[in-house]
Amino acid sequence: MQDSFAHKGKRKILVEYLRHKIGISDENVLAAINEVPRHVFIESIFEDFAYEDRAFPILSHQTISHPSTVAEQSELLQLKPGEKVLEIGTGCGYQTAVLLAMKGLVYTIERQKDLFDFSKKKFRELHLHPKFQSFGDGFAGLPTFAPFDKIIVTCGASVLPTELLKQLKVGGKMVIPLGLTDEQVLYRFTKISLTEIEKEEFGAYKFVPMLNNTSK
Ligand code: SAH
1324 MQDSFAHKGK
1334 RKILVEYLRH
1344 KIGISDENVL
1354 AAINEVPRHV
1364 FIESIFEDFA
1374 YEDRAFPILS
1384 HQTISHPSTV
1394 AEQSELLQLK
1404 PGEKVLEIGT
1414 GCGYQTAVLL
1424 AMKGLVYTIE
1434 RQKDLFDFSK
1444 KKFRELHLHP
1454 KFQSFGDGFA
1464 GLPTFAPFDK
1474 IIVTCGASVL
1484 PTELLKQLKV
1494 GGKMVIPLGL
1504 TDEQVLYRFT
1514 KISLTEIEKE
1524 EFGAYKFVPM
1534 LNNTSK
């Protein structure tokens, strides 16, 4: 799928919407949203609406998050170029592409085999290079690659995945929606020391659930 002038123009309008209406101020996030062709990650029937602040169905009854949610989570993460970031829930790969555009060293996990395959193909087509892409259960994290500077969870967890907090560096941050299936609250956990965690709250959201194990 081509990235036309029309797509680029719509992306600029989206960026201004995120800046002025949603209040995103991290220029690194806004530049990444401006760079990544979101329409390439969704079904062609939704192409005309790709740069509206909307979520769309992707494979396996999952959803690509609203651009405003991707921008807000990315801003809360405070990702700096060259930092190691673990993403739980690769989905179609759009958020992964945004983290890569922010120059993160990205490790990503997806539990649905068809989405793992889909995103892998997209990354190849777009010449994007996550450090590591795993088909697995995000509750376990990636102990062999830990510790991480940042962790972003793009599905709603009913319980705090403590294994992920273990895989965070001291000084590191994890952005995660927590709550039951209907609605979650977005949190940012900062690992102050090995025994001390700071918890901040950022309002209500609706994510697909974080599920155990993998699904073929
Ligand atoms: N960032 C994605 C959002 C996809 S929705 C995007 O931009 O498209 C969240 C994703 O989390 C879904 O693909 C779902 O399959 C995945 N998921 C749910 N539980 C998971 C788990 N335990 N481990 C890894 N991925 C998980």
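Residue numbers (this note's numbering): 1324 to 1539. Where is the CB? At the ideal position from N, CA and C, for every residue including glycine.
CB-CB under 7 Å to residue i, same chain, minus the five flanking residues each way: which ones, in chain order?
i	result
Glu1398	Ile1347, Asp1349 and Val1352
Leu1337	Ile1356, Tyr1374 and Pro1390
Gln1385	Gly1414, Gln1435, Leu1438 and Val1531
Phe1369	Phe1379
Thr1504	Pro1532
So is the beta-carbon of residue i under 7 Å away from any non-hydrogen atom of ligand 1?
i	result
Ser1391	no
Val1359	no
Thr1485	no
Glu1398	no
Gln1456	no
Arg1434	yes
Leu1438	yes
Met1533	yes
Thr1477	yes
Does residue i come out as helix, strand or coil in the three-state DSSP assignment?
i	result
Arg1334	helix
Glu1339	helix
Leu1491	strand
Lys1496	strand
Val1352	helix
Thr1504	coil
Lys1344	helix
Val1359	coil
Thr1386	strand
Ala1480	strand
Ile1381	coil
Ser1367	helix
Ala1373	coil
Pro1466	helix
Phe1471	strand
Phe1530	coil
Glu1523	strand
Thr1518	coil
Thr1485	helix
Given residue i, which residues of its chain have a CB within under 8 Å of its CB, disregarding the five upstream and five downstream residues?
i	result
Gly1526	Val1508 and Leu1509
Gln1490	Leu1409, Gly1464, Leu1465, Pro1466, Ala1469, Pro1470, Phe1471 and Ile1474
Gly1495	Pro1470, Phe1471, Asp1472, Lys1473, Ile1474, Thr1513 and Lys1514
Leu1488	Met1497, Phe1512, Lys1514 and Ile1520
Val1393	Ile1356, Tyr1417, Gln1418 and Val1421
Report all residues from its chain with a CB closer than 6 Å to the CB of residue i; omit the five preceding and five following residues, and keep chain order.
i	result
Glu1358	Ala1424
Ala1354	none
Lys1407	Leu1428, Phe1471 and Asp1472
Just checking: is the beta-carbon of residue i within a distance shorter than 8 Å of some beta-carbon in chain C?
i	result
Ala1527	This model lacks chain C altogether, as it is built from one protein chain only.
TODO: At 3 residues or longer, and completely inside the region 1391-1456: list those beta strand (DSSP E) runs for me, N to C.
DONE: 1407-1411 and 1428-1433
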